[in-house]
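Contents: one structure, followed by commentary.
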Amino acid sequence: MSDITIKIKDREGKVHEVQAPTDMAMNLMEVCKAYELPVEGTCGGMAMCASCQCYVLSDHELPEMGQDEDLMLAEAFYVEDNSRLGCQIRITPELDGLEVELAPES
Amino acid sequence: MIKTDILIIGAGPTGLFTVFEAGLLKLKTHLIDALPQPGGQCSEIYPKKPIYDIPGFPEILAGDLVNNLMEQIKPFEPGFTLGERAETIERLEDDTFVVTTNRGTKHNAPVVAIAGGLGSFEPRKPPIPNIVDFEDKGVAYIIRDPEVYRDKRVVISGGGDSALDWSIFLADIASEVTLVHRRKEFRGALDSVEKVEELSKIGKINLITDAEVKELKGDDHVTGVGIKHKTEGDIHLDTDYFIPLFGLSPKLGPIGDWGLEIEKNAIKVNNSYDYQTNIPGIYAIGDVNTYKGKLKLILSGFHEAAIMCQSAYQRIFPDKKYVMKYTTVGGVTGFDGTKKEAKKEVVKAIG
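As given, the protein sequences belong to chains A and B, one line each in that order.
Residue numbers 1 to 106, in UniProt numbering, belong to the letters of the first sequence in order.
Residue numbers 1 to 351, in UniProt numbering, belong to the letters of the second sequence in order.
This is the structure we're talking about:
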């Protein structure tokens with residue numbers, strides 16, 4: 001299976017164009033960490049810390065938000081309408097060309 | 001002054017297992033942790049989540065892993081300084097260290113093992129511009145003494161258990177309790193949510209949902225908060241206290257200023273030998289350290305703890321020889337006088 005391309009804008013405004021495999025059961029938080037972008041992923045991907053919060057800039061149709069993610073975002077800071085938790089976004093072929101921006105650290 | 005052989009900073013799984021490995025070598029241990037209970041992230045963030053990669057446990061809840069570790073290390077009688085953050089370290093003339101916490105508790109040991117994970121857990125502060133100026137002047141992130149709020153007006157924000165539970169508790173103490181949350185849904189236990197709903201109906205809690213505290217007002221003490229409501233716009237509320245309760249997040253904190261070599265928020269160690277840092281006598285194990293090929297896994301922390309204790313033994317007793325023993329052979333002899341060992345085989349001749 002081929003990789004997809006994702007554009008990630010870091011907190012300094014720099015855009016990183018990265019390749020992510022669709023067959024490794026990875027999520028967006030893990031992709032950020034693999035490319036050493038400043039995402040802590042404190043809880044390891046359980047939607048319990050919001051350190052991987054990002055804003056979705058492109059109009060891709062993303063998997064629907066689960067209750068864990070929804071309630072974590074209800075308590076996170078700097079939340080906008082396009083906020084998602086990177087750890088809850090699985091890398092699939094449909095996400096090719098996805099553009100996101102890392103939310104401020106909190 | 002608390003004296004021990006290995007002072008362990010961080011009471012997560014790696015720190016706890018260090019007690020066991022040190023105990024096998026007859027070394028005494030004492031743990032410091034900023035959280036009020038042992039277990040680190042496993043207890044604080046995900047006690048009810050199953051872990052699948054602990055060798056020998058096809059599945060174990062993080063909280064149960066901590067309970068098991070506490071049981072396993074009990075014979076070695078570790079000391080605990082909980083709810084205090086290791087703040088400063090100093091090296092004495094005899095080459096031992098003194099670590100002092102934020103509450104002034106002093107600990108002395110020839111070896112320090114930092115097993116601090118991602119750091120000490122600190123309250124998450126909402127991004128309100130002048131919030132830091134009002135800390136201890138009406139803003140509190142932790143409720144230490146509820147009596148402070150007797151007959152005062154209090155605004156709490158957050159949507160989890162602590163926001164719900166404290167709103168319920170303070171409803172009987174404070175003259176006025178307002179709970180502000182960004183949603184109508186709360187993340188807490190169902191009966192707490194129902195209790196808050198009930199108290200709000202009878203006017204004991206002023207519940208404002210779909211809203212966020214955005215502004216603090218006052219000169220040398222909080223006198224009011226500015227709230228932004230999704231549909232009703234800005235609301236001003238007079239209050240004596242603002243208590244944001246948004247949980248905790250780990251920060252490396254003061255350890256970062258101890259003169260240790262830091263790389264990407266982690267402490268660099270000599271992994272080809274003993275996980276010692278650039279300061280001899282200070283080791284870093286578990287998620288807090290970094291080296292080429294590092295894996296932040298609980299099992300890696302256990303391994304690092306075992307290796308580190310051997311090196312610590314040699315540092316404390318440079319002249320003594322020690323041969324690693326298997327617990328299956330030697331059993332486990334606790335400092336509390338207990339001894340666990342395999343049952344002796346019974347040999348009995350037939351006839």
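The beta-carbon is built from N, C-alpha and C at its ideal position, and this holds for glycine as well.
Where F246/B falls, given that 16 or more other Cβ within 10 Å makes a residue buried: Mapped onto the second sequence, residue 246/B falls at position 246. F246/B is buried by the Cβ-count criterion.
Proximity test, Cβ basis, 8 Å: Y141/B and chain A: Here residue 141/B is taken as the residue at index 141 of the second sequence, counted from 1. No, because no Cβ of chain A sits closer than 8 Å to the Cβ of Y141/B.
Start and end residues, alpha helix (DSSP H) containing L190/B: Position 190 of the second sequence, counted from the start, is the residue given in the question as residue 190/B. L190/B -> alpha helix (DSSP H) spans L190 to K201.
Chain B residues whose Cβ lies nearer than 8 Å to that of E75/A: On the first sequence, position 75 is the one that residue 75/A refers to. Residues of chain B passing the Cβ test: G158, G159, G160, R182, R187, F246 and G247.
Environment of P38/B [buried if 16+ CB atoms lie within 10 Å]: Taking the first residue of the second sequence as 1, we reach residue 38/B at position 38. Buried, since its Cβ has 16 or more Cβ neighbours within 10 Å.
Given V139/B as reference, the closest of I2/B, I54/B, F97/B and V155/B once Cα atoms are compared: The sequence position of residue 139/B within the second sequence is 139, counting from 1. Checked all of I2/B, I54/B, F97/B and V155/B; the closest Cα to V139/B is V155/B.
Simplified DSSP state of L299/B, which is helix, strand or coil: Against the second sequence, residue 299/B aligns to sequence position 299. In this structure, L299/B counts as helix in the three-state DSSP scheme.
Extent of the continuous beta strand (DSSP E) run through S106/A: Taking the first residue of the first sequence as position 1, residue 106/A is located at position 106. Run containing S106/A: none; DSSP gives neither H nor E here.
Environment of M1/B [buried if 16+ CB atoms lie within 10 Å]: By one-based count along the second sequence, residue 1/B stands at place 1. Label assigned to M1/B: exposed.
Beta carbon proximity, Y78/A to chain B, threshold 8 Å: Your numbering for residue 78/A matches position 78 in the first sequence. Judged by the 8 Å Cβ criterion, Y78/A is in contact with chain B.
P36/B, enclosing alpha helix (DSSP H) - first and last residue: By 1-based counting over the second sequence, the position of residue 36/B is 36. Where P36/B is concerned, there is no enclosing alpha helix (DSSP H), given that its DSSP letter is neither H nor E.
Closer than 8 Å to chain B by CB, V52/A: In the first sequence, the residue the question calls residue 52/A occupies position 52. Before going further, note that residue 52/A is Cys rather than Val in the sequence given. No, no contact with chain B.
Nearest-angstrom Cβ-Cβ length linking N82/B and P123/B, presumed shorter than 8 Å: Translated into positions along the second sequence, residue 82/B becomes position 82. Translated into positions along the second sequence, residue 123/B becomes position 123. A small correction: the amino acid at residue 82/B is Leu; Asn does not occupy that position in the sequence shown. 17 Å between Cβ atoms; not a contact.
Test: Y273/B CB closer than 8 Å to a CB of chain A: Taking the first residue of the second sequence as position 1, residue 273/B is located at position 273. By this cut-off, Y273/B is not an interface position.
Residue closest to S272/B, alpha-carbon to alpha-carbon, out of G293/B, I208/B, E261/B and E263/B: Numbered from its first residue, the second sequence carries residue 272/B at position 272. Nearest of G293/B, I208/B, E261/B and E263/B to S272/B, Cα basis: G293/B.
Neighbour flag for I45/B against chain A, beta carbons, 8 Å: Locating residue 45/B in the second sequence gives position 45, where the first residue counts as 1. Closer than 8 Å to some Cβ of chain A, the Cβ of I45/B qualifies, so yes.
Residues, ordered as in the chain, of the region 114-142 of chain B that lie near chain A by beta-carbon distance below 7 Å: L118, R124, P126 and P127
Residue environment, N27/A, which counts as buried when at least 16 other CB atoms sit within 10 Å: As a working note, residue 27/A is residue 27 in the first sequence. Label assigned to N27/A: buried.
Backbone secondary structure at N271/B - three-state DSSP: Within the second sequence, numbered from 1, the residue matching residue 271/B stands at position 271. Here N271/B sits in coil by DSSP.
Residues of the region 249-282 of chain B with Cβ closer than 9 Å to any Cβ of chain A, in chain order: S249, P250, K264 and N265
Proximal residues of chain B, C-beta to C-beta of M46/A below 9 Å: Numbered from 1 along the first sequence, position 46 holds the residue referred to as residue 46/A. Those are I45, Y46 and K49, listed as they occur along chain B.
Inter-stretch contact (C-beta, 8 Å, three-pair minimum) for the region 111-122 of chain B and the region 283-301 of chain B: yes
Start-to-end residues for the beta strand (DSSP E) that takes in G334/B: As a working mapping, residue 334/B is identified with position 334 in the second sequence. Careful: G334/B lies outside any beta strand (DSSP E) and carries neither H nor E.
Contact set between S106/A and chain B, taken where Cβ atoms lie within less than 7 Å: The residue you call residue 106/A lines up with position 106 of the first sequence. Neighbours of S106/A on chain B, chain order: R124 and P127.
When V19/B, L260/B and I227/B are compared against T88/B, the one with the closest alpha-carbon: Taking the first residue of the second sequence as 1, we reach residue 88/B at position 88. When each option's Cα is compared against that of T88/B, the closest is L260/B.
Cα-Cα separation between Q53/A and L85/A, rounded to whole angstroms: To locate residue 53/A, count along the first sequence from 1; it is residue 53. To locate residue 85/A, count along the first sequence from 1; it is residue 85. So the alpha carbons of these two residues sit roughly 4 Å apart.
Straight-line Cα distance separating A86/B from N102/B: On the second sequence, position 102 is the one that residue 102/B refers to. On the second sequence, position 86 is the one that residue 86/B refers to. Spanning the two alpha carbons is a distance of roughly 6 Å.
Coil, strand or helix - V79/A by DSSP: One-based indexing of the first sequence puts residue 79/A at position 79. Here V79/A sits in coil by DSSP.
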